[in-house]
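Basically this note's numbering = 1-based index in the sequence shown + 9. Every residue, glycine too, gets a C-beta built ideally from N, C-alpha and C. A quick note: this is a predicted structure, and the numbers were derived from the prediction, not measured. Have a look at the structure below before the remarks.
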Amino acid sequence: MNQEKTPQDISVEEAVQDVFTEQNTYSFEEELTDVSKEKIKDWAGYFKLTNFLKEQYGRVSPQTALEMSEELQGIVGKIRDSLKINELKTHGFDARLNVLNSEVLRLKDMSEITSIKAEEVRQQIEKIIAVYHAINSKINAIYARELFDEEVNFNEEIFDFQSNRRTVKKGLMTKTQQKRR
């Protein structure tokens with residue numbers, strides 16, 4: 010059965026297509042500090058991801074974002090493999106990389122859903138950028154803490170840690186220790 014499209018059907022399809030081709034601008038506000046950039050300068054995967062996101066997803070339409078999702082998935086998939094920096098090999102940082110991977114996989118899955126809405130794609134792009142910001146924030150925090158630790162000149166010799174030690178035998182506490190709880 011071949012149905013002819015009415016002018017109303019055609020205008021609805023054009024409107025839907027316009028929404029999918031309308032470009033949106035996304036901002037990348039959480040940047041790495043100079044210290045962080047210097048510390049991770051050899052992590053090629055991070056910089057490839059950063060360049061790709063800023064160049065391809067800084068101003069993008071939902072349709073183009075879906076078309077590029079497979080390439081983005083490939084870049085994100087390799088980012089963990091290229092991570093050779095011990096300071097960043099923590100559970101918290103690894104969790105952020107996992108979330109980024111999950112959000113990118115979701116965008117990739119959206120490209121196969123015919124009934125997906127442009128607004129859903131926009132929201133997914135915002136989630137990916139938010140996770141990218143969280144990664145940058147974590148990198149900055151790790152190196153800020155490291156810098157702080159290096160700058161603090163703490164001399165433990167001014168404290169007498171030995172005199173305040175109390176022994177607790179097999180789970181029993183002294184009355185002084187119980188009062189502190």
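I'd like to know whether the C-beta atoms of phenylalanine 61 and glutamate 76 end up nearer to each other than 9 Å. no
Any contact between the stretch 62-70 and the stretch 86-97? By contact I mean 3 or more CB pairs, one from each, below 8 Å. no
Within 10 angstroms of its Cβ, does glutamine 133 collect 16 or more other Cβ (buried), or is it exposed? buried
Quick check on valine 161: buried or exposed, where buried means 16 or more other Cβ atoms within 10 Å of its Cβ? exposed
Contacting residues, own chain, Cβ-Cβ under 8 Å from glycine 180 (five flanking each side not counted): With a pLDDT of 49 at glycine 180, under the threshold of 50, the modelled position of that residue is not reliable, and no figure is offered here.
Spatial neighbours of leucine 114 in its chain, beta-carbon cut-off 7 Å, leaving aside the 5 residues before and after: Gln82
Can you say whether alanine 153 is buried or exposed, counting buried as having 16 or more other CB atoms within 10 angstroms of its CB? exposed
Boundaries (first-last residue) of the alpha helix (DSSP H) holding isoleucine 138: 127-160
For alanine 139 versus serine 91, is the C-beta distance shorter than 9 Å? no
Does DSSP put lysine 179 in a helix, in a strand, or in coil? Because lysine 179 carries a pLDDT of 48, less than 50, the predicted location of this residue cannot be relied on, and the following value inherits that uncertainty. The answer is coil: DSSP assigns lysine 179 none of H, G, I, E or B.
May I ask you to report which of helix, strand or coil DSSP gives valine 28? helix
Determine the burial state of glutamate 112: buried for a count of at least 16 other Cβ atoms within 10 Å of its Cβ, exposed for fewer. buried
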